[in-house]
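*Asks:* Structure below; questions to follow.
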Amino acid sequence: MSTLDQLLVRHHVDLDQAERALRQILEPAVPLTAGQLAELADSGFHLDAHIDTTHALSAEAVRQNQLATAHTGAEVAANNAISAGRVRSRAAAGELVSVLVDGVQRFPRFQFDEAGRLRRGLDKVSPHIPDDWSWIGYDNYLATPSLALDGDIVTPIAWLAAGKPAAVVIANMGNNW
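Take any residue in the sequence shown, count from 1 to its spot, add 388: that is its number in this note's numbering.
Put into structure tokens, the structure is as follows:
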């Protein structure tokens, strides 16, 4: 059974319902008139039940994305040759970005290289993420080339990987977003 099939079964949604819900998300919404809403109510159609289905699918898609794009604490510890306690300490200090997925702390993969090791310099930059940024916004900032880094067209990740000062990346965080 595919992941999609499992998701649909878990939320008691058939494929047609999922398709309609997806169309509602992707197509521009046109508000219903009061008359249309009354007609729907008279026919026994309950709009709230269908909105809940859409919300459940959307929330599950976010959850699945977070699981697929994040390491567990144990993986971070093993890949970086540190203890699980040190992983938690670094997350608490803001040196590692983490999210809670199903009550479990997970660490988005963008902050690690292909071998799962923390990218150079991020432990200095991550504690300075602006309060109004999500981890996805931070990931986008790190992956977006900018001239603000000393006149070079380079991503903040590449800048840091080259051993250049984290202070420049930190100083430019508010300028690009």
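Ideal Cβ placement from N, Cα and C applies to all residues, glycine included.
Taking aspartate 520 as the reference, give the member of Gly562, Val464, Ser446 with the closest Cα.
*Replies:* Taking only the C-alpha atoms, the option nearest aspartate 520 is Gly562.
*Asks:* Opposite histidine 578 in the DSSP bridges: which residues?
*Replies:* The requested residue 578 is not part of the displayed model; the chain covers only 389 to 565.
*Asks:* Go through its chain and collect everything with a Cβ distance to leucine 488's Cβ below 6 Å, but skip five positions before and after it.
*Replies:* No residues qualify anywhere along the chain.
*Asks:* Following the continuous alpha helix (DSSP H) through valine 513, name the residue where it begins and the one where it ends.
*Replies:* Note, valine 513: alpha helix (DSSP H), 510-513.
*Asks:* Have a look at Ala481, Val485, Asp501, Gly491 and flag the residue whose alpha-carbon is nearest the alpha-carbon of asparagine 468.
*Replies:* Measuring from the Cα of asparagine 468, the nearest candidate turns out to be Asp501.
*Asks:* Compare the Cα-Cα distances from aspartate 511 to each of Tyr529, Ala531, Pro533, Val485 and report the closest residue.
*Replies:* Nearest option by C-alpha distance: Val485.
*Asks:* Taking the alpha-carbon of proline 533 as reference, which of Val513, Glu483, Thr543, Tyr526 has the nearest alpha-carbon?
*Replies:* Of the listed residues, the one whose Cα sits closest to proline 533 is Thr543.
*Asks:* Which residue comes first and which comes last in the alpha helix (DSSP H) that contains valine 489?
*Replies:* Per DSSP, valine 489 belongs to no alpha helix (DSSP H); it is in the beta strand (DSSP E), 487-489.
*Asks:* From the DSSP output, read off the bridge partner residues of aspartate 362.
*Replies:* Outside the displayed range of the chain (389 to 565) lies residue 362, so it cannot be described from this structure.
*Asks:* State yes or no: is the C-beta of alanine 531 within less than 9 Å of the C-beta of isoleucine 517?
*Replies:* No; because the gap between Cβ atoms is not below 9 Å, this pair is not in contact.
*Asks:* Rounded to a whole number of angstroms, what is the C-alpha to C-alpha distance between phenylalanine 498 and proline 419?
*Replies:* Approximately 39 Å, taken between the alpha carbons.
*Asks:* Is leucine 420 helix, strand or coil by DSSP?
*Replies:* If DSSP states are grouped into helix, strand and coil, leucine 420 belongs with coil.
*Asks:* Please classify tryptophan 565 as buried or exposed, where buried requires at least 16 neighbouring CB atoms within 10 angstroms.
*Replies:* Its pLDDT being 42, under 50, tryptophan 565 is placed unreliably in this model, and the coordinates cannot settle the point.
*Asks:* Look up histidine 400 in the DSSP assignment and say whether it is helix, strand or coil.
*Replies:* Three-state result, histidine 400: coil.
*Asks:* Quick one: what does DSSP say leucine 484 is sitting in, helix, strand or coil?
*Replies:* Correct three-state label for leucine 484: coil.
*Asks:* Alanine 531 lies in the alpha helix (DSSP H); which residues open and close that run?
*Replies:* 523-531 is the span of the alpha helix (DSSP H), which, as asked, contains alanine 531.
*Asks:* Is the distance from the Cβ of arginine 494 to the Cβ of threonine 460 below 9 Å?
*Replies:* Closer than 9 Å, so yes.
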